[in-house]
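Residue numbers (my numbering): 39 to 218.
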């Protein structure tokens, strides 16, 4: 049970822990022979062995300090009402990227944040990040989020260009992290 996209995945639809959000045909390259890449984005709702293994492969590409996720830890993330975990699959079905959309109602309205975007090194530059981010934008807009924010390290130039191309703008704000 639950609300939002996760609730549409039930026995009568015969899906296994996932809801397909969209299939994106991305045309990459210039010149007379551009190539197309199909990326399917799904909402993950079950901590399958495949998903745990994918996070085991992808998470170290995002953060050297993040602890590995076992099935229980991943199930807690997937089951939290504030989280929607998007998974991108290549044309052959391999999980090549993930993104977590966090939406929280606060007194000033529903706020959304994109967190932990990671695309497999071998799949970068093929539109996977675009497809994941667009799926998150669409979900936040459908939910009525007043704002959608994300952070990206300054050294991630390609990611910064992607986010700006999709409509994100740098904010003039201070970001604080408690260190005690």
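Don't be surprised by glycine CBs; every beta carbon is placed ideally from N, CA and C.
Small disclaimer: the values here were computed from a predicted structure and weren't measured.
Which residues DSSP lists as bridging residue i, in chain order
i, result
"residue 135", "126, 157"
Backbone secondary structure at residue i - three-state DSSP
i, result
"residue 78", "strand"
Chain-order list of residues whose beta-carbon lies under 7 Å from that of residue i (same chain, five-residue window excluded)
i, result
"residue 134", "126, 127, 128, 157, 158, 161, 166"
"residue 182", "148"
"residue 187", "151"
"residue 17", "In the structure displayed, the chain extends from 39 to 218; residue 17 sits before or after that span and is not available."
"residue 198", "190"
"residue 114", "none"
"residue 100", "154, 156"
Below-7 Å beta-carbon distance, residue i vs any chain C residue
i, result
"residue 151", "The chain labelled as chain C is not found in the depicted structure, where only one protein chain is given."
Same chain, Cβ closer than 6 Å to residue i, five either side skipped, listed in chain order
i, result
"residue 142", "120, 149"
"residue 155", "137"
"residue 218", "none"
Residue i CB to nearest heavy atom of the ligand MG below 6 Å
i, result
"residue 106", "As presented, the structure is devoid of all ligands, the ligand MG included, so that no description of it is given."
Neighbourhood of residue i by C-beta distance below 8 Å, restricted to the same chain and skipping five residues each side
i, result
"residue 94", "106, 107"
"residue 90", "107, 108, 109, 112"
"residue 178", "139, 141, 150, 186"
Quick check for students: name the residue ranges of the alpha helix (DSSP H) that lie wholly in the stretch 141–193, counting only runs of 4 or more.
166–181
Does the pairing of the stretch 106–117 with the stretch 75–88 give three or more beta-carbon distances under 8 Å?
yes
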